[in-house]
Amino acid sequence: MNKTHYEILGVASDAPLKSIRAAYHQNLLRTHPDKAGPSIASASASTSASTQHASITELQEAYSILGDEEKRKAYDEELKSAFKKQGFNITGAGLDFYTLSEFQESEALDTGEYEWSKDCPRCASHRSIVLSESDLERGTPDDSGGYQIVAPCSACSLWITVLYEEEIDEDDDDM
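Here you go:
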């Protein structure tokens, strides 16, 4: 996989513009053959000019995107979308987050209880993440008035966090 612009510059994805600018200048000085110190210049003399040029070009491209607020916002969305396509829905909490609406609802024939299933976003195993009504009853309240539960894939080692809201029965409204 190619390096992200953040990795090329060596900054965090939430780095402020000032840090991005400083990292860009440091990397340019480190990479540029006329500006590099003697130990770096001798080491870079053994590498081809095209490798040095590509590195400088990568730095310039990374900075042109991350140094512009609009381009950076669009780039971050592209990264997020690419990660989701690879099965990662990264939020920084350590586990991928999904909502119950992303699951297929069905009635279990053996128990008569409703269950929700999802194909694993990592291994693509069919219906390998399954939640039952009783699983949802054991969910933990979250900060937004809903609930969350951690669920494993039965085919690989992936665990995800599922967010959901309590459904209010229409019969309860009549009371």
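Numbered by the numbering used here, the letters in the sequence shown go through residues 26 to 200 in order.
Beta carbons are placed, not taken as given, at the ideal position from N, Cα and C, and that holds for glycine.
I need the straight-line Cα distance from E191 to Y172, nearest angstrom please. Here residue 191 refers to the residue found at position 166 when the sequence shown is read from its first residue. Here residue 172 refers to the residue found at position 147 when the sequence shown is read from its first residue. Taking the straight line joining both Cα atoms gives about 7 Å.
Coil, strand or helix - T124 by DSSP: Looking up residue 124 in the sequence shown gives position 99. Reduced to three states, the DSSP call for T124 is strand.
Would P146 be called buried (16 or more neighbouring beta carbons within 10 Å of its own) or exposed? If you number the sequence shown from 1, residue 146 lands on position 121. So P146 counts as buried.
Beta-carbon separation (whole angstroms), S153 vs S179, contact threshold 8 Å: If you number the sequence shown from 1, residue 153 lands on position 128. If you number the sequence shown from 1, residue 179 lands on position 154. With a contact defined as Cβ atoms closer than 8 Å, S153 and S179 qualify at about 5 Å.
Just checking my contact of H57 with I81 at CB under 8 Å: how many whole Å lie between their CB atoms? Counting from 1 along the sequence shown, the entry for residue 57 is found at position 32. Counting from 1 along the sequence shown, the entry for residue 81 is found at position 56. Going by Cβ atoms, the distance from H57 to I81 rounds to 7 Å, so yes, they are a contact pair.
Could you check whether D167 and L183 sit closer than 8 Å to each other, using their CB atoms as the reference points? Taking the first residue of the sequence shown as 1, we reach residue 183 at position 158. Taking the first residue of the sequence shown as 1, we reach residue 167 at position 142. No.
Own chain, CB closer than 6 Å to Y123, minus 5 neighbours either side, in chain order: Taking the first residue of the sequence shown as 1, we reach residue 123 at position 98. Beyond the five residues adjoining it in sequence on each side, Y123 comes within less than 6 Å, by CB distance, of I185, V187 in the same chain, given in chain order.
Kindly provide the ranges of any alpha helix (DSSP H) runs that are 4 or more residues long and lie completely inside the stretch 123-181, ordered along the chain. 158-162
Suppose the cutoff is 6 Å on Cβ atoms and the five residues either side in sequence are ignored; what does the same chain contact list for S157 look like? Within the sequence shown, the letter at position 132 stands for residue 157. If you ignore the 5 residues before and after S157, its C-beta comes within less than 6 Å of the C-beta of E138, E140, all in its own chain and listed in chain order.
Just to check my reading of the structure: G92 and L42 have Cβ atoms closer than 8 Å, yes? What is that Cβ distance to the nearest angstrom? Walking along the sequence shown from the start, residue 92 turns up at place 67. Walking along the sequence shown from the start, residue 42 turns up at place 17. Indeed, because the Cβ distance is near 7 Å, the residues count as touching under 8 Å.
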